[in-house]
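Chemist: Below you'll find the structure I mean.
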Amino acid sequence: MLRAFSVVYWVFFVATLPILFLGAALVFLVTVPFDRRRVAVHLYSCAWATFYVLANPLWSTSIHGRERLPWKGAAVLVANHLSLLDILVVYGLFRPFKWVSKAEIFRVPFVGWNLWLNDYVAVKRGDRESIREMMDRCRAHLARGSPVMLFPEGTRSRDGRLGPFKDGAFRLAIEAGCPVIPLVVSGTGDALPKHGLVLRQRMRARVEVLEPLHPEDFPACDALRDAARAAIAAALPEANRPAGPLRSAPPGLPQVR
Numbered sequence: 025m026l027r028a029f030s031v032v033y034w035v036f037f038v039a040t041l042p043i044l045f046l047g048a049a050l051v052f053l054v055t056v057p058f059d060r061r062r063v064a065v066h067l068y069s070c071a072w073a074t075f076y077v078l079a080n081p082l083w084s085t086s087i088h089g090r091e092r093l094p095w096k097g098a099a100v101l102v103a104n105h106l107s108l109l110d111i112l113v114v115y116g117l118f119r120p121f122k123w124v125s126k127a128e129i130f131r132v133p134f135v136g137w138n139l140w141l142n143d144y145v146a147v148k149r150g151d152r153e154s155i156r157e158m159m160d161r162c163r164a165h166l167a168r169g170s171p172v173m174l175f176p177e178g179t180r181s182r183d184g185r186l187g188p189f190k191d192g193a194f195r196l197a198i199e200a201g202c203p204v205i206p207l208v209v210s211g212t213g214d215a216l217p218k219h220g221l222v223l224r225q226r227m228r229a230r231v232e233v234l235e236p237l238h239p240e241d242f243p244a245c246d247a248l249r250d251a252a253r254a255a256i257a258a259a260l261p262e263a264n265r266p267a268g269p270l271r272s273a274p275p276g277l278p279q280v281r
């Protein structure tokens with residue numbers, strides 16, 4: 025039954041992409057002369073993604089702590105990564121930010137074209153020059169007052185547990201002197217795990233925005249990175265937490281074991 029439902033849903037998804045992309049293109053053309061940060065087309069993209077969540081009767085999403093996200097101003101948003109569905113539910117925050125996404129996604133018709141309209145940031149994993157360009161573009165967005173959004177694990181979790189974090193997002197925050205805002209995503213991995221397109225069960229997704237972490241409160245990049253990871257781990261369901269102990273926990277949070 026779920027396999028048949030998955031086929032119907034993904035056919036609907038693909039069939040509606042051209043129509044919804046035309047809406048994004050229209051918003052872009054009307055607003056780009058005066059909307060340098062492309063907030064309008066990003067909010068349209070939030071509505072586009074939310075439409076796909078609402079269109080699936082097996083899915084629901086709850087958002088907590090949205091008020092901690094700025095409408096304007098530099099910030100680095102970091103989240104755990106369980107599933108492709110993370111992208112849809114994080115869009116449900118309806119706050120401006122610039123995604124950092126794999127370069128190959130920018131070549132996907134309609135989806136990738138919309139990434140370009142939004143002025144999101146492409147990166148080729150493992151390519152040093154591409155990573156350097158990605159960091160430069162993120163710095164430029166932060167300087168213009170646009171938050172950037174990264175998955176510091178670098179890829180989706182294989183087993184549903186939180187993986188190690190890379191340093192890039194935290195170096196950006198230190199250089200820009202802006203807060204790191206951790207996001208906790210849960211419930212998506214059971215519905216659509218890595219390496220699959222069959223929707224396995226109902227999704228009760230949850231996105232929680234945690235308290236900002238300020239670089240000046242930490243002695244080095246690795247301390248800021250570990251604090252963000254510990255904060256996310258402490259807020260995740262037990263099944264998604266790392267298997268071993270974490271290096272450190274931010275003040276007020278217990279060590280996760």
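Position one of the sequence shown corresponds to residue 25 (our numbering), numbered consecutively onward.
All C-beta atoms, glycine included, are put in the ideal place defined by N, C-alpha and C.
Can you check which of these residues, I87, V135, L166, is closest to F121 by C-alpha distance?
Modeler: Of I87, V135, L166, the residue nearest in Cα terms is L166.
Chemist: Kindly give me the distance between the Cβ atoms of P203 and H238, rounded to whole angstroms, as I take these residues to be in contact under 8 angstroms.
Modeler: 5 angstroms between Cβ atoms; contact.
Chemist: Taking Cβ to Cβ, would you say A257 is nearer than 7 angstroms to P243?
Modeler: It is not a contact, given that the beta carbons lie outside the stated cut-off.
Chemist: What is the rounded straight-line gap between the Cα of R228 and the Cα of D160?
Modeler: Rounded to the nearest angstrom, the two C-alpha atoms are 36 angstroms apart.
Chemist: I want to know whether the stretch 73-84 touches the stretch 98-105 - three or more CB-CB distances under 8 angstroms.
Modeler: The stretch 73-84 is not in contact with the stretch 98-105.
Chemist: On the three-state DSSP scale, how would you describe H88?
Modeler: Three-state result, H88: strand.
Chemist: Between the stretch 246-257 and the stretch 110-130, can you find at least three pairs of beta-carbon atoms closer than 8 angstroms?
Modeler: With a cut-off of 8 angstroms, the stretch 246-257 and the stretch 110-130 do not count as touching, because too few Cβ pairs lie within range.
Chemist: Could you tell me which residues DSSP pairs with V51 in its beta bridges?
Modeler: Bridge partners of V51: none, in fact.
Chemist: Does the distance from the C-beta atom of W189 to that of P176 stay below 7 angstroms?
Modeler: A small correction: the amino acid at residue 189 is Phe; Trp does not occupy that position in the sequence shown. For F189 and P176, yes; Cβs fall inside 7 angstroms.
Chemist: Our contact map puts F134 next to A146 with C-beta atoms below 8 angstroms; I'd like the distance itself, whole angstroms only.
Modeler: Contact flag wrong, Cβ pair sits at about 16 angstroms.
Chemist: Is the beta carbon of L223 sitting closer than 7 angstroms to the one on L26?
Modeler: In contact: L223 and L26 (Cβ atoms closer than 7 angstroms).
Chemist: Helix, strand or coil: how does DSSP classify M158 here?
Modeler: Three-state DSSP puts M158 in a helix.
Chemist: With distances taken from CA atoms, which of L248, L50, R60, R180 is nearest A193?
Modeler: The shortest C-alpha separation from A193 is found at L248.
Chemist: Nearest-angstrom Cα distance between L221 and W34?
Modeler: Rounded to whole angstroms, L221 to W34 spans 9 angstroms at the Cα level.
Chemist: Tell me R230's beta-bridge partners as DSSP assigns them.
Modeler: S86, S210, per the DSSP bridge assignment.
Chemist: Under the three-state reduction of DSSP, which class applies to W123: helix, strand or coil?
Modeler: It is a strand residue.
Chemist: Using the rule of at least 16 other Cβ atoms within 10 Å of the residue's Cβ for burial, across every protein chain shown, is V38 buried or exposed?
Modeler: Counting Cβ neighbours within 10 Å, V38 comes out exposed, since fewer than 16 surround it.
Chemist: Short of 7 angstroms in beta carbon distance, which residues of its chain neighbour A64, apart from the five on each side in sequence? Order them along the chain.
Modeler: Closer than 7 angstroms at Cβ, skipping near neighbours: V51, T55.
Chemist: Apart from the five residues on each side of it in sequence, which residues of its chain come closer than 6 angstroms, Cβ to Cβ, to S181?
Modeler: These residues qualify, in order along the chain: L106, G187.
Chemist: Taking L82 as the reference, give the member of R156, G213, R226 with the closest Cα.
Modeler: Per the Cα distances, R226.
Chemist: If you drop the 5 nearest sequence neighbours on each side, which residues of the same chain put their C-beta closer than 8 angstroms to that of I198?
Modeler: P239, C245, L248, listed in sequence order.
Chemist: Can you tell me which of the three DSSP states L260 falls into?
Modeler: Here L260 sits in coil by DSSP.
Chemist: In angstroms, rounded to a whole number, what distance separates the CA positions of V31 and A200?
Modeler: Whole-angstrom Cα-Cα distance: 45 angstroms.
Chemist: If we ignore side chains and look at the alpha-carbon of each, how far apart do V208 and L117 end up?
Modeler: Looking at the two C-alpha atoms, the distance is approximately 12 angstroms.
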